[in-house]
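Please read the structure below before turning to the comments.
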Amino acid sequence: MFLILLALLLTIIFFFSKNAKHGNSGQLPPGPKGLPIIGNLHQFDPARPHLCLLDLAKKYGPLMSMKFGSRPAIVVSSARVAKLALKDNDKALSGRPQLASLSKITYNCSDITASSYNATWREMRKVALLHLFSPKQVVSFRPVRQDEVSCMIQDMINKARSNQLINLSRAAFLLTNGFICRAAFGKKYDDEGRRSFNELSKEIQASLAAFFVADYFPSFGWIDKFTGTNAKLDKIFSRLDTFCQQLIDDHLDPNRPQSMNDDILDLLIKLKQDEAATVHLEWDNIKGVLVDIFIAGTDTSAALIAWAMTALMKSPQAMKRAQDEVRNLVGNKGAVDEDDIPNLPYLKAIIKETLRLFPPAPLSVPRETVERCNIDGYEIPPKTAVYVNLHAIGLDPDYWENPTEFNPDRFLNTTIDYRGQDFGLLPFGSGRRGCPGITLGTAIVELALANLLYSFDWELPHGMEKQDIDMEAWPGLSPAKKIDLCLLGKCYVHNT
């Protein structure tokens, strides 16, 4: 049945493509020649898109023109072109293409990440920057961060004393999961609740990497009903909506626990109930923002911690230098607190270098041109999808010396940062579509990584060498390590 439908689809598309009247698209960037009907889909691996697009960019250049099905697209793969696109043409590239899975998961694009560029989106982003993720709000969650990190370290100490392997990938996920649940939802889940949260998170990530006909042939999205992809997505969304609705119901309960006061969901509900607020929030807007936090806040931070420790285990000199820095500063206090973080430049350099080599989203969520624009001398029509290959930019040889090497020193004595102004390092995007929750996400990573370096001397499992460490990643919006990082920890005792 599927093959018959596919053949019918291709025949119809071919007929319309042959008879359609195409407007003048001007001079497009160079790119690989596509096939009839499908364009460049055969050259696009949805599981690891950043890798296949990097290979193509080496041949066709840092600004490529492609066509995915019936959708025109450009791919940005260098720091220089990223600046031309995201700074000089930020407004023209401020739209979002409608993607089946992302649209569904975000309540028909009612969130901040997937929403179209419009007045409601501008007001919601302003709310995020001024209220949800403001410096004051991030500081208010300091006790939660310190408590969650302390619990993680104590659990690891217990395992280290009994010579048990410590699964750092899982520990990082439980840490960021615990923090986000308390900061955003005011809830602390038990082991069963965390397992359920973890399963739902993995299902969402898998759905975001899945192939939907509608994403490439919008007029023929009905095909997805017959392949089962829509049904699978509906099932995931149903679980997600039940989760979000329960959180809202708990917050509306007059007998709710005090831990829910002034968490992120509480702030959103107060804004909805405030008749004088500049933006009118619907419940779907609130649920959409919860999904943004749910995906970005947990998975990206956990992956960053795991990749940083992976890189350090493969670079023993960098590991020792980082441990010496933290231990010399902290002394016999027993733990790193947030007041110590500004005085740990090498730690911050490690995080930047990890973000360069292992960006949370190697291929950015695509933008879409809302008007015709010029990038590097090429005319880009409206309704063109814009993919920024952050993985390729992190390896740009014109911007970085020895780009494939893990070398935190490159960030010492420089002002290069990851907040969207340095176009060789854009792990969180830039401009209007940059991530508004950068500070909230990186704060837990800095504190966790500093305490991991302070509290333990780390070793690989017996018989394993550093070259044996697996570097494969799962497909998805925020690729985590495919094989968890499991290490032996020896408790550090400060010598007075």
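For the sequence shown, the positions run -20 to -1, 1 to 476 when mature numbering (1 follows the signal peptide of the UniProt record, and there is no 0) is used.
For every residue, glycine included, the Cβ atom is placed at its ideal position computed from N, Cα and C.
Give a yes or no on whether the C-beta atoms belonging to residue i and residue j are separated by under 7 Å.
{"i": "R122", "j": "E426", "result": "no"}
{"i": "K332", "j": "F391", "result": "yes"}
{"i": "L247", "j": "H30", "result": "no"}
{"i": "D195", "j": "Y87", "result": "no"}
{"i": "S57", "j": "N369", "result": "yes"}
{"i": "E192", "j": "A283", "result": "The identity of residue 192 in the sequence shown is Phe, whereas the question assumes Glu. In this structure, A283 does not lie closer than 7 Å to F192 by Cβ."}
{"i": "M104", "j": "I85", "result": "no"}
{"i": "G166", "j": "D272", "result": "no"}
{"i": "Q14", "j": "Y40", "result": "It should be noted that the sequence gives Gly, not Gln, for residue 14. Going by C-beta atoms, G14 is not nearer than 7 Å to Y40."}
{"i": "D279", "j": "S83", "result": "no"}
{"i": "I330", "j": "P388", "result": "yes"}
{"i": "R399", "j": "D70", "result": "no"}
{"i": "L245", "j": "H231", "result": "yes"}
{"i": "G277", "j": "I160", "result": "yes"}
{"i": "M428", "j": "I285", "result": "For the sequence presented, residue 428 should be read as Ala rather than Met. Yes, Cβ-Cβ distance for A428 and I285 is below 7 Å."}
{"i": "S149", "j": "D464", "result": "yes"}
{"i": "A65", "j": "R76", "result": "no"}
{"i": "E359", "j": "Q7", "result": "yes"}
{"i": "V316", "j": "Y169", "result": "no"}
Within the continuous alpha helix (DSSP H) that includes residue i, where are the two ends?
{"i": "D437", "result": "First-last for D437: F436 to E439, but that is the beta strand (DSSP E), not the alpha helix (DSSP H)."}
{"i": "K39", "result": "P29 to Y40"}
{"i": "C131", "result": "R122 to R141"}
{"i": "C161", "result": "L148 to F165"}
{"i": "E333", "result": "P325 to L337"}
{"i": "I396", "result": "That residue, I396, is in no alpha helix (DSSP H); it is neither H nor E in DSSP."}
{"i": "I447", "result": "This sequence places Gln at residue 447; Ile is not what is there. Taken as a continuous stretch (DSSP letters only), Q447 belongs to no alpha helix (DSSP H), as it is neither H nor E."}
{"i": "S176", "result": "D171 to L188"}
{"i": "E381", "result": "Neither: E381 is in no alpha helix (DSSP H) and is coded neither H nor E."}
{"i": "H231", "result": "T209 to L232"}
{"i": "V269", "result": "W263 to D272"}
{"i": "Q253", "result": "I244 to Q253"}
{"i": "V193", "result": "V193 to Y196"}
{"i": "K106", "result": "A99 to V107"}
{"i": "S81", "result": "A80 to I85"}
{"i": "R60", "result": "A59 to L66"}
{"i": "S344", "result": "Taken as a continuous stretch (DSSP letters only), S344 belongs to no alpha helix (DSSP H), as it is neither H nor E."}
Output the boundary residues of the beta strand (DSSP E) element that contains residue i.
{"i": "P296", "result": "Element bounds for P296: not the beta strand (DSSP E) but the alpha helix (DSSP H), P296 to V310."}
{"i": "S45", "result": "L43 to F48"}
{"i": "V55", "result": "R51 to V56"}
{"i": "D368", "result": "Correcting the residue type first, residue 368 is Val in the shown sequence and not Asp. Looking at the DSSP string, the run of the beta strand (DSSP E) that includes V368 is A365 to V368."}
{"i": "L468", "result": "C466 to C471"}
{"i": "C353", "result": "C353 to I355"}
{"i": "W359", "result": "It should be pointed out that residue 359 corresponds to Glu in this sequence rather than to Trp. Y358 to I360 is the extent of the beta strand (DSSP E) around E359."}
Out of the options, point me to the one whose CA is closest to residue i's CA.
{"i": "A372", "options": "L432, G404 and A365", "result": "G404"}
{"i": "residue 481", "options": "L375, D389 and A423", "result": "Residue 481 is absent from the structure shown; the chain starts at -20 and stops at 476."}
{"i": "K446", "options": "N210, T395, F408 and M293", "result": "M293"}
{"i": "A341", "options": "F408, N241 and K84", "result": "F408"}
{"i": "residue 479", "options": "A37, K313, R102 and L220", "result": "Residue coverage of the chain in this structure runs from -20 to 476, which leaves residue 479 outside it and unanswerable."}
{"i": "N138", "options": "F436, K67, N312 and L420", "result": "F436"}
{"i": "S187", "options": "L220, G158, R162 and D170", "result": "L220"}
{"i": "L343", "options": "S176, V55 and L8", "result": "V55"}
{"i": "F338", "options": "I360, G357 and W287", "result": "W287"}
{"i": "H474", "options": "H442, V310 and R413", "result": "V310"}
{"i": "M451", "options": "N178, M289 and L433", "result": "M289"}
{"i": "P9", "options": "L261, G158, W438 and D356", "result": "D356"}
{"i": "G173", "options": "I396, G158 and L327", "result": "G158"}
{"i": "N382", "options": "E439, R336, A430 and T364", "result": "R336"}
{"i": "S120", "options": "V316, S239 and Q226", "result": "S239"}
{"i": "T115", "options": "I418, W438 and A460", "result": "Note on identity: in this sequence residue 115 is Pro, with Thr being the wrong assignment. Here the closest residue by C-alpha is I418."}
{"i": "S96", "options": "T222, K363, D214 and F200", "result": "K363"}
{"i": "L109", "options": "E439, G414, I203 and M444", "result": "G414"}
{"i": "M132", "options": "A257, N431 and M299", "result": "N431"}
{"i": "M299", "options": "E439, Q226, V345 and I396", "result": "E439"}
{"i": "T334", "options": "D204, L180, S199 and T422", "result": "T422"}
{"i": "P346", "options": "S410, T394 and W380", "result": "S410"}
So residue i and residue j are supposed to be a Cβ contact under 8 Å. How far apart are they, rounded?
{"i": "P455", "j": "A189", "result": "4 Å"}
{"i": "L468", "j": "L145", "result": "6 Å"}
{"i": "V107", "j": "L251", "result": "6 Å"}
{"i": "F197", "j": "S90", "result": "Between S90 and F197 the Cβ distance is about 25 Å, and since that is not below 8 Å, they are no contact."}
{"i": "P42", "j": "R28", "result": "At roughly 19 Å, the Cβ-Cβ gap does not stay under 8 Å, so P42 and R28 are not in contact."}
{"i": "C471", "j": "A140", "result": "5 Å"}
{"i": "V124", "j": "A163", "result": "6 Å"}
{"i": "M136", "j": "A151", "result": "7 Å"}
{"i": "A184", "j": "I216", "result": "Residue identity check: residue 184 is Ile in the sequence provided, not Ala. About 6 Å separates the two Cβ atoms, so the contact holds."}
{"i": "F177", "j": "L420", "result": "F177 to L420, Cβ: 18 Å. No contact."}
Return yes when the C-beta of residue i is under 6 Å from any heavy atom of the ligand NAP, and no when it is not.
{"i": "T93", "result": "Questions concerning the ligand NAP fall outside what the structure shown contains, since it holds no ligand whatsoever."}
Margin query: Under 8 Å, with one C-beta from each stretch per pair, do the stretch 20 to 34 and the stretch 45 to 52 reach the 3-pair mark?
Written below: yes
Notebook entry, point to check: When the Cβ atoms of the stretch 292 to 308 are set against those of the stretch 337 to 354, are three or more pairs found closer than 8 Å?
Noted result: no
Note to self: With a threshold of 8 Å, are at least 3 pairs of Cβ atoms found where one atom belongs to the stretch 320 to 331 and the other to the stretch 299 to 311?
What the structure shows: yes
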